[in-house]
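Following: one structure in structure tokens, then a few remarks.
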Amino acid sequence: MRIVLLGAPGSGKGTQAQRLAERNGIPQISTGDLLRAAVARGTALGLAAKAAMEGGRLVDDALVLGMIRERLGEPDVRAGFILDGFPRNLIQAAALDGLLAELGQPLDAVVQFEVDSAELVRRISGRRSCADCGRVFNVLTSPPPTGAAAMCPGTGAPHRLIQRADDNEATVAERLRVYDEKTRPLIDFYRARGLLRTIDAAGEVNAVTQRLARALAPAAPAAAARVRKGAAKSAARAKSAARAAKSRRPGTRATARRAKSARKKTPARAARKKHAAAMRSRRSGARRRTRR
Ligand code: AMP
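7 is the number of the first residue of the sequence shown in the working numbering; add one for each residue after it.
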């Protein structure tokens with residue numbers, strides 16, 4: 007599975023990407039997470055990205071593309087990947103196309119998460135993540151579970167919840183504006199390539215997970231449904247041809263002829279006809295012998 011999750015900040019891409027990654031045993035590649043880690047480590051990339059991130063603007067394409075090229079070259083990506091927060095503009099999308107073509111790993115699908123802006127702001131204000139394992143929660147919609155099974159896998163202690171520096175009111179407004187201007191055009195970009203699937207990402211997290219699973223379900227059931235529909239249509243056509251042959255209604259002679267010739271062609275019917283002819287000739291032979 008090689009997919010891109012596309013959606014505004016707060017649309018739930020990160021949460022769903024985590025679930026999908028765990029379920030499928032493939033990595034979630036979040037450029038936001040990679041950049042935050044670089045900022046935290048104080049690397050050259052982190053220092054260059056910090057100001058743009060704090061302002062809610064996009065980090066320079068060359069930096070992000072260098073980082074993603076390196077990540078997609080790692081061995082765990084061969085089993086598939088979920089891109090979360092990348093690509094963010096048309097330049098990145100075109101570069102991703104080229105990179106994946108080079109790797110011989112084209113995308114299977116791009117899922118667009120649809121959520122209205124009031125809900126986006128509400129979700130972002132409740133968003134918290136664990137400082138140790140990075141898991142994302144929402145104090146309003148999906149708080150961390152309690153009990154022994156709900157400990158941080160990194161420390162074995164309860165999750166230490168922190169709020170992202172850019173999840174404040176002013177930065178959120180800018181991030182939503184940047185999404186509309188730079189990222190939204192990717193919807194048409196991927197629709198034109200036949201890769202786009204859209205889901206309603208509002209509402210309860212588990213319900214969104216189910217909608218996402220349905221959107222990603224293989225094309226096979228759809229193809230099977232098409233085959234079933236085709237078979238039903240041919241059966242209906244055969245029935246109406248047979249009815250026409252029976253009633254010999256004017257204007258339906260051609261259909262009746264087709265039905266008759268279709269009947270002629272079945273091997274069982276040919277065998278029955280051959281047998282009846284043999285019986286007729288045997289009976290007439292017997293009559294001739296009796297007359298003599
Ligand atoms: P996110 O966690 O995806 O909301 O990203 C947080 C911030 O990281 C964004 O507001 C950008 O400043 C930066 N960022 C993340 N992904 C990208 C990207 N693909 N291109 C440019 N900047 C990015």
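Backbone N, C-alpha and C define an ideal beta-carbon position, used for all residues, glycine too.
Just so it is clear, the structure is predicted and the values come from calculations on it, not from any experiment.
Under DSSP, residue 120 shares a beta bridge with 206. C-alpha of residue 62 to C-alpha of residue 164: approximately 30 Å in a straight line.
The beta carbon of residue 181 lies closer than 6 Å to those of 15, 62 in the same chain, with the five residues before and after it left out.
Annotation: residue 215 to residue 221 spans about 10 Å, alpha carbon to alpha carbon. By the criterion of at least three beta-carbon pairs nearer than 8 Å, the segment 131 to 139 is not in contact with the segment 101 to 116. Proximity of the segment 32 to 41 to the segment 88 to 96 meets the contact definition, three or more beta-carbon pairs being nearer than 8 Å.
By the neighbour-count criterion, in which a residue is buried when 16 or more other Cβ atoms sit within 10 angstroms of its Cβ, residue 122 is exposed.
Separation of residue 43 and residue 56 (C-alpha to C-alpha, rounded to the nearest whole angstrom) is 11 Å. Rounded to the nearest angstrom, the Cβ distance from residue 217 to residue 167 is 27 Å, too far for a contact under 8 Å. No heavy atom of ligand 1 is found nearer than 8 Å to the CB of residue 182. Among the bridge pairs identified by DSSP, residue 186 is matched with none. Contact between residue 95 and residue 189 holds: CB atoms are separated by about 6 Å, below the 8 Å threshold. In this structure, the beta-carbon distance from residue 93 to residue 11 does not fall below 9 Å.
According to the DSSP assignment, residue 95 belongs to no alpha helix (DSSP H), since it is labelled neither H nor E. Straight across, the Cα-Cα distance linking residue 8 with residue 171 is about 30 Å. Annotation: residue 120 to residue 30 spans about 23 Å, alpha carbon to alpha carbon.
In this structure, DSSP gives residue 101 a helical state, which the three-state scheme calls helix. No residue range can be given for residue 82, since it is assigned to no beta strand (DSSP E) and is classified by DSSP as neither H nor E. For residue 134, the uninterrupted beta strand (DSSP E) segment begins and ends at 133 to 136. Residue 219 places its beta carbon 9 Å or farther from that of residue 17. Residue 156 and residue 162 have their C-alpha atoms roughly 9 Å apart. Linking residue 158 to residue 109 through their CA atoms gives a straight-line distance of about 35 Å. Excluding the 5 residues flanking it on each side, residue 73 has same chain C-beta neighbours closer than 8 Å at 37, 40, 41, 44, 51, in chain order. A direct Cα-Cα distance of roughly 9 Å separates residue 201 from residue 195.
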